[in-house]
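Visitor: Here it is: the structure, laid out below.
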Amino acid sequence: MEIVRELLSGACQTAWQQICQQLNYIREHDENDQTMQRELDFLRSQEKDISAKLNAGNVRHGKRPREEVTNWLKNLEEIESDVNSLGSGDAQFWLNYYSRLKRSKKTVQILHRVRDLQVRGNSFAQSEDIFMDSLYEPLSSLSAPPLHGSSAERKKDEILQCIMDPEVSKIGVYGMGGVGKTTTMTQIYKELNEKKVFEIVMWVTVSSSFDEKELQSKIAEQLHCELSSSGDLMSRAQVLHEALGRWRNFVIILDDIWDGVSLQNVGIPEPNRSNGSKVVWTTRFMDVCNSMESQKEIKIKGLTDEEAWSLFKEKVGGEDIISPEIKPIAEQVARECGGLPLALITVGCALRKEKQLPVWRNALHELKTSSTDQIKGMTKYVFGSLKFSYNWLSSDKIRTCFLYCALYPEDYQILVDELIEYWMAEGLIDEDGSIQTEKDKGHTYLKELKDACMIESINNDKYVRMHDLIRDLAINTTKELFMVKTGSQLKDSPKEEEWVESLQRVSLMRNYIEAFKGQPNCPRLSTLLLNHARLQITGRVAFPDTFFKHMHNLRVLDLSETGIESLPGSLSDLMNLHALILTKCSALKLLPSLAKLHKLRQLKLGGSSSLKELPHGLENLVKLRHLDISKGGWRSFPSGVLLKMPCLEILFMASSRGRLSYGSNANAEGNSTIGEIFVRLKKLTKFLADFANVSAFNSYTNKTRESEHLRNLDYFLFTLSYKYEGHIVENESSEKITLPATANFMEIRDCNFIQLSDIFHWDDLRQLIYCKLEDCKKMKWIGKNGEIVFPSLETLRLCRLHSFEGLCKEKTHEETLKHLRKLDIYECDKLKYLIPNDLLVNNLQNLEEILIRRCKEMEGIISGKTSATMASRPKLKRLTLSDLPSLTSIYHGKLVCDSLCVMEIDDCPNLKELPFFINKERPLGMRIVASEEWWEKLEWEDAQLKELLQPFLDPEASRCIRLPKFQLKQTMKIGKVDLHELDY
Numbered sequence: 001m002e003i004v005r006e007l008l009s010g011a012c013q014t015a016w017q018q019i020c021q022q023l024n025y026i027r028e029h030d031e032n033d034q035t036m037q038r039e040l041d042f043l044r045s046q047e048k049d050i051s052a053k054l055n056a057g058n059v060r061h062g063k064r065p066r067e068e069v070t071n072w073l074k075n076l077e078e079i080e081s082d083v084n085s086l087g088s089g090d091a092q093f094w095l096n097y098y099s100r101l102k103r104s105k106k107t108v109q110i111l112h113r114v115r116d117l118q119v120r121g122n123s124f125a126q127s128e129d130i131f132m133d134s135l136y137e138p139l140s141s142l143s144a145p146p147l148h149g150s151s152a153e154r155k156k157d158e159i160l161q162c163i164m165d166p167e168v169s170k171i172g173v174y175g176m177g178g179v180g181k182t183t184t185m186t187q188i189y190k191e192l193n194e195k196k197v198f199e200i201v202m203w204v205t206v207s208s209s210f211d212e213k214e215l216q217s218k219i220a221e222q223l224h225c226e227l228s229s230s231g232d233l234m235s236r237a238q239v240l241h242e243a244l245g246r247w248r249n250f251v252i253i254l255d256d257i258w259d260g261v262s263l264q265n266v267g268i269p270e271p272n273r274s275n276g277s278k279v280v281w282t283t284r285f286m287d288v289c290n291s292m293e294s295q296k297e298i299k300i301k302g303l304t305d306e307e308a309w310s311l312f313k314e315k316v317g318g319e320d321i322i323s324p325e326i327k328p329i330a331e332q333v334a335r336e337c338g339g340l341p342l343a344l345i346t347v348g349c350a351l352r353k354e355k356q357l358p359v360w361r362n363a364l365h366e367l368k369t370s371s372t373d374q375i376k377g378m379t380k381y382v383f384g385s386l387k388f389s390y391n392w393l394s395s396d397k398i399r400t401c402f403l404y405c406a407l408y409p410e411d412y413q414i415l416v417d418e419l420i421e422y423w424m425a426e427g428l429i430d431e432d433g434s435i436q437t438e439k440d441k442g443h444t445y446l447k448e449l450k451d452a453c454m455i456e457s458i459n460n461d462k463y464v465r466m467h468d469l470i471r472d473l474a475i476n477t478t479k480e481l482f483m484v485k486t487g488s489q490l491k492d493s494p495k496e497e498e499w500v501e502s503l504q505r506v507s508l509m510r511n512y513i514e515a516f517k518g519q520p521n522c523p524r525l526s527t528l529l530l531n532h533a534r535l536q537i538t539g540r541v542a543f544p545d546t547f548f549k550h551m552h553n554l555r556v557l558d559l560s561e562t563g564i565e566s567l568p569g570s571l572s573d574l575m576n577l578h579a580l581i582l583t584k585c586s587a588l589k590l591l592p593s594l595a596k597l598h599k600l601r602q603l604k605l606g607g608s609s610s611l612k613e614l615p616h617g618l619e620n621l622v623k624l625r626h627l628d629i630s631k632g633g634w635r636s637f638p639s640g641v642l643l644k645m646p647c648l649e650i651l652f653m654a655s656s657r658g659r660l661s662y663g664s665n666a667n668a669e670g671n672s673t674i675g676e677i678f679v680r681l682k683k684l685t686k687f688l689a690d691f692a693n694v695s696a697f698n699s700y701t702n703k704t705r706e707s708e709h710l711r712n713l714d715y716f717l718f719t720l721s722y723k724y725e726g727h728i729v730e731n732e733s734s735e736k737i738t739l740p741a742t743a744n745f746m747e748i749r750d751c752n753f754i755q756l757s758d759i760f761h762w763d764d765l766r767q768l769i770y771c772k773l774e775d776c777k778k779m780k781w782i783g784k785n786g787e788i789v790f791p792s793l794e795t796l797r798l799c800r801l802h803s804f805e806g807l808c809k810e811k812t813h814e815e816t817l818k819h820l821r822k823l824d825i826y827e828c829d830k831l832k833y834l835i836p837n838d839l840l841v842n843n844l845q846n847l848e849e850i851l852i853r854r855c856k857e858m859e860g861i862i863s864g865k866t867s868a869t870m871a872s873r874p875k876l877k878r879l880t881l882s883d884l885p886s887l888t889s890i891y892h893g894k895l896v897c898d899s900l901c902v903m904e905i906d907d908c909p910n911l912k913e914l915p916f917f918i919n920k921e922r923p924l925g926m927r928i929v930a931s932e933e934w935w936e937k938l939e940w941e942d943a944q945l946k947e948l949l950q951p952f953l954d955p956e957a958s959r960c961i962r963l964p965k966f967q968l969k970q971t972m973k974i975g976k977v978d979l980h981e982l983d984y
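Numbering of the sequence shown is given in the UniProt record's numbering, commencing with residue 1 and proceeding in unit increments.
This is the structure in structure tokens:
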């Protein structure tokens with residue numbers, strides 16, 4: 001009975017607890033429901049934050065969420081569905097205790113699931129690791145200039161989102177000229193290159209003078225693949241198609257398209273979802289997007305009034321420049337620019353730091369009264385603002401210099417030196433002092449144009465370019481005075497009625513015209529540019545004999561790089577001609593007399609290899625300042641003619657068959673000795689010439705040293721034929737070469753000395769900054785016995801020295817190579833070790849670049865054991881090692897190279913270790929080009945170093961190792977040159 005009593009008591013207690021629990025469900029129904037709703041709201045907030053991160057990752061980086069995150073989102077959807085199924089209940093529900101009990105139980109169950117998801121959601125919110133791949137963090141050092149205004153940023157993000165969308169492959173970005181299409185795409189181009197989502201991101205400028213072959217060549221150049229210049233369009237397209245197909249995916253940005261481009265004809269694989277590639281283009285016209293079957297069209301619009309005002313204030317010079325009385329007028333000026341960034345910049349620069357109220361009122365009046373809309377797609381106000389900027393230039397002369405730039409093709413990279421020489425010949429720069437003085441004045445003119453945003457500098461200021469909209473302005477301004485048909489693929493000469501009497505300048509460069517017709521009546525014509533002809537049929541350009549008869553005012557005639565064989569006799573009567581440019585006319589065989597061209601300042605015949613005789617009448621060119629007869633085919637040159645050119649400042653006569661007489665006496669009639677010539681040519685500042693032998697060169701050097709003629713030259717480059725076979729030299733004295741005291745450049749090819757002291761005095765080499773030794777097959781050492789070798793040298797290039805054993809044999813002097821910055825070694829077959837350890841430690845502190853290629857027997861870069869465990873090369877930026885099959889080590893110790901940013905290692909299978917110690921937290925900006933297979937086989941003493949460098953490995957990079965040109969000649973080049981302009 002006691003057992004039964006206990007069992008009944010326990011059962012009753014359990015039953016009572018269950019009853020109480022059920023009663024609690026009923027009693028706490030409302031409280032449970034409120035708690036569940038509160039916790040669910042918090043969970044929904046978590047979902048919004050996580051979804052925002054997922055969306056940003058997908059839009060900006062194309063990343064996918066981890067499966068765990070996807071399941072979490074699905075679980076939340078299930079909870080939401082279950083909550084919806086609970087319902088709110090009707091009036092009878094609240095009276096039905098069973099229904100309240102059942103609903104309260106489900107609410108508590110859902111509450112437990114909600115809290116469990118909250119815990120997992122917290123881990124997602126606190127971690128970036130919610131994607132299958134971690135997000136890319138762009139390098140802070142690779143920032144791009146900001147766009148103007150938040151609307152431009154939003155438009156950029158919209159385009160990026162389309163590029164990342166797998167369903168969109170072809171995108172057209174369109175809008176009016178100057179609205180910022182190119183600027184926006186430039187920012188996108190930089191971002192895509194930084195993110196490296198695509199294997200290759202390519203930028204190609206197309207422009208209105210579109211040519212499919214030229215577009216193919218631009219793409220091939222970036223891919224480093226060869227296209228046959230004579231091949232047909234489709235065969236070239238096949239090569240490009242295969243080259244692009246080797247990449248996993250690509251983005252090609254085609255900038256400034258004026259007509260539809262056939263991707264198939266060019267050779268661009270059709271982008272689609274399966275290959276993940278994209279083609280994006282900018283254009284002014286919506287119909288271009290339609291013809292190219294874009295899947296998405298995005299219009300770039302002007303800035304808002306607020307953004308335009310902000311940009312305008314910046315260009316004017318800031319808020320402080322704009323006084324309270326000027327501000328309302330300035331705001332109207334900004335609005336008149338129509339939100340066009342280019343217009344705002346040009347007008348703002350024109351009014352920069354202007355504080356006079358009348359000037360501002362006049363500016364506003366000019367903008368409002370302009371009503372021109374000749375440029376396609378431009379409103380009258382926008383064009384008026386550009387016209388205003390043109391009118392704002394300081395003088396008519398500057399405006400004419402600006403308009404002259406329109407003679408070049410659209411998007412053309414205009415060589416600054418060439419442009420200024422045109423200006424000089426046109427008389428736009430006063431002839432005052434030397435050529436250099438006038439060029440300096442030309443650079444001043446260019447600066448004003450650049451400061452006014454009428455042209456832009458490119459390629460380190462060596463070139464300038466006009467924005468296409470600005471060029472349209474210039475052409476529209478000169479339509480009655482200029483005839484500009486550049487790069488228009490013309491095959492026929494302009495009709496005779498097009499050569500109107502009012503024409504002042506004509507440019508037909510980069511066309512296919514092979515026969516000029518008629519006798520143009522253009523008495524005011526001052527410039528005629530027919531250069532860079534693209535000839536296809538006969539390869540020749542022909543003129544009727546009287547073509548130039550009515551061009552008496554012509555000052556500039558440029559026929560360079562054309563297939564012209566002869567010039568008509570009417571050329572002889574162009575008595576106002578200042579510049580006759582026939583550079584690289586390799587087919588030119590005959591020139592008429594130049595005897596009447598008394599005003600000629602510039603005569604360029606360089607590269608006229610078929611011209612056997614120089615033109616008659618050279619002795620009459622008494623005002624000639626620039627004479628280029630280099631690389632010509634003439635066999636003799638009457639050097640006495642030079643005595644009749646007292647104004648000569650530039651004389652280029654290198655690589656021609658005929659040479660000056662360098663002896664003490666002139667043998668041929670009309671010739672003069674070198675001494676006589678340079679006593680008379682006191683204005684000479686640039687000189688290129690050839691010497692037949694060492695005696696002639698030393699004679700010249702010694703004689704000009706006495707008169708200090710060479711010290712007055714800003715630029716000279718001498719080519720010296722030289723044969724050396726040990727100490728037995730055929731037809732050559734054994735005297736050593738005497739270098740001019742101001743020479744900074746030396747290049748030697750195919751001279752078989754063992755070391756430089758065989759043919760030079762060491763003291764003569766002290767001032768050299770650049771030295772290249774090539775094909776000197778017997779040379780073993782740069783220095784051998786501890787001499788002071790090249791104390792000022794900055795660049796040393798050694799190519800195909802098949803007996804070369806190293807830089808220095810014995811212990812080196814402390815001054816040797818102490819300023820060396822670049823060391824370039826190529827095909828030195830017997831070289832085993834390049835740099836002695838003591839030279840590295842004691843001398844090469846300024847070394848910035850080391851390039852070693854195709855040295856089959858090289859075992860190590862630095863020879864000898866080191867007592868120190870670590871050496872520092874703080875300035876070393878680049879290391880290139882290529883095709884070194886025997887290389888096993890770079891350095892036996894550790895090298896501290898904190899500036900190292902490029903490391904290219906290709907085909908060095910036996911190199912197992914890298915000696916670098918990098919003590920930075922992260923070597924920002926480094927780029928490592930090497931195969932992944934070689935990288936994984938490296939042996940790492942410090943595993944953290946590999947982890948540090950791994951993100952910078954670029955195994956798929958397209959390496960383009962520029963190989964030296966093979967020119968096997970027994971020559972030397974010695975000179976004083978601008979080393980920044982060298983292209984080696």
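Even glycine gets a Cβ: it sits at the ideal position worked out from N, Cα and C. Just so you know, these numbers come straight off a predicted model, no measurement behind them.
Does DSSP put Cys401 in a helix, a strand or coil?
Guide: Here Cys401 sits in helix by DSSP.
Visitor: Determine contact between the region 221–230 and the region 272–287, defined as no fewer than three beta-carbon pairs at a distance below 8 Å.
Guide: With a cut-off of 8 Å, the region 272–287 and the region 221–230 do not count as touching, because too few Cβ pairs lie within range.
Visitor: Identify whether Glu732 lies in helix, strand or coil by the three-state DSSP scheme.
Guide: Only weak support is given to the placement of Glu732: the predicted model assigns it a pLDDT of 44, under 50, and the value that follows is read from those uncertain coordinates. Looking at Glu732 - three-state DSSP - the assignment turns out to be coil, as it is neither helix nor strand.
Visitor: Please work out which residues of its chain come closer than 7 Å, Cβ to Cβ, to Ser291, disregarding the five sequence neighbours upstream and downstream, and give them in chain order.
Guide: For Ser291, where only same-chain residues beyond five positions count, the Cβ hits under 7 Å are Gly260.
Visitor: Taking buried to mean at least 16 other C-beta atoms within 10 Å of its own C-beta, is Ser572 buried or exposed?
Guide: Ser572 comes out buried.
Visitor: Measuring CB atoms only, is the region 480–493 touching the region 413–429, in the sense that at least three cross pairs come out at less than 8 Å?
Guide: The region 480–493 is not in contact with the region 413–429.
Visitor: Is there contact between the region 639–652 and the region 680–697, where contact requires at least three CB pairs shorter than 8 Å?
Guide: Short answer: they touch.
Visitor: In chain order, what residues of the same chain lie with their CB nearer than 7 Å to the CB of Cys453, ignoring the 5 residues before and after it?
Guide: Same-chain partners within the cutoff: Ile345, Thr346, Cys349.
Visitor: Any idea if Ser394 is buried or exposed, counting beta-carbon neighbours within 10 angstroms, 16 or more meaning buried?
Guide: Classification of Ser394: exposed, given that the 10 Å Cβ count is below 16.
Visitor: Which class does Tyr412 belong to by DSSP, given the choice of helix, strand or coil?
Guide: Here Tyr412 sits in coil by DSSP.
Visitor: Check for me: the alpha helix (DSSP H) holding His241 runs from which residue to which?
Guide: Its alpha helix (DSSP H) spans residues 233–245.
Visitor: Alpha carbon to alpha carbon, what distance is there between Ser931 and Ser610?
Guide: The straight-line gap from Cα to Cα measures roughly 49 Å.
Visitor: So, at 6 Å on beta carbons, what are the nonlocal neighbours of Glu939 in its own chain, with the 5 sequence-adjacent residues on each side left out?
Guide: Answer for Glu939: Lys912, Glu913, listed in chain order.
Visitor: Going by DSSP, which residues form a beta bridge with Lys686?
Guide: Partner(s): Ile650, Tyr715.
Visitor: Could you give the distance in angstroms between the alpha-carbon of Leu117 and the alpha-carbon of Arg66?
Guide: Using only the alpha carbons, I get a separation of about 16 Å.
Visitor: Are Thr282 and Lys170 closer than 9 Å when you measure CB to CB?
Guide: Cβ distance not < 9 Å, so Thr282 and Lys170 don't count as in contact.
Visitor: For Leu590, which option in Tyr826, Ile754, Leu688, Leu605 has the closest C-alpha, if you only look at C-alpha atoms?
Guide: Selected option, being the one with the closest Cα: Leu605.
Visitor: Around the C-beta of Phe124, are 16 or more other C-beta atoms found within 10 angstroms, so that it is buried, or is it exposed?
Guide: Phe124 comes out buried.
Visitor: Tell me the DSSP secondary structure of Glu448 in three-state form.
Guide: If DSSP states are grouped into helix, strand and coil, Glu448 belongs with the helices.
Visitor: If I measure Cβ to Cβ from Lys772 and keep anything under 6 Å in the same chain, skipping five residues before and after, which residues do I get?
Guide: Contacts found: Glu747, Arg797.
Visitor: Quick one, which of Glu431, Asn362, Glu448 has its alpha-carbon nearest Arg399's?
Guide: For Arg399, the nearest C-alpha among the options comes from Glu448.
Visitor: Entirely within the region 903–948 and at least 4 residues each: give me those alpha helix (DSSP H) ranges in chain order.
Guide: Taking only runs of at least 4 residues, the alpha helix (DSSP H) segments lying wholly in the region 903–948 are 932–937.
Visitor: On the three-state DSSP scale, how would you describe Gly442?
Guide: Note: Gly442 maps to helix in three-state DSSP.
Visitor: In whole angstroms, what separates the C-alpha of Lys74 from that of Asp165?
Guide: Cα to Cα, the separation comes out at about 23 Å.
Visitor: Buried or exposed: which applies to Thr70, given that a residue is buried once 16 or more other Cβ atoms fall within 10 Å of its Cβ?
Guide: So Thr70 ends up on the exposed side.
Visitor: If you reduce the DSSP assignment to three classes, tell me which class Glu456 lands in.
Guide: Note: Glu456 maps to strand in three-state DSSP.
Visitor: Flag this pair as yes or no: are the beta carbons of Ile414 and Val359 separated by less than 9 Å?
Guide: No, the pair does not count as a contact, with Cβ atoms beyond the cut-off.
Visitor: Quick one: what's got a C-beta closer than 8 Å to Ser151's C-beta in the same chain, skipping five residues either side?
Guide: Only Lys301, Leu303, Thr304, Glu307 meet the Cβ criterion.
Visitor: Could you check what DSSP says for Gln356 in three-state terms: helix, strand or coil?
Guide: Coil, per DSSP.
Visitor: Residues in the same chain with beta-carbon distance under 7 Å from Thr35, minus the five sequence neighbours each way, listed in chain order, please.
Guide: Within the same chain, Thr35 has close Cβ partners Leu111.
Visitor: For Met509, which residues from the same chain have a beta carbon less than 6 Å from its beta carbon, with the 5 sequence-adjacent residues on both sides left out?
Guide: Thr486, Leu529, Asn531, His532.
Visitor: Below 6 Å CB to CB, which residues in the same chain sit around Gly955 once its five sequence neighbours on both sides are set aside?
Guide: With the sequence shown as reference, residue 955 is identified as Pro, and Gly is not the correct amino acid for it. For Pro955, where only same-chain residues beyond five positions count, the Cβ hits under 6 Å are Ser931, Glu932.
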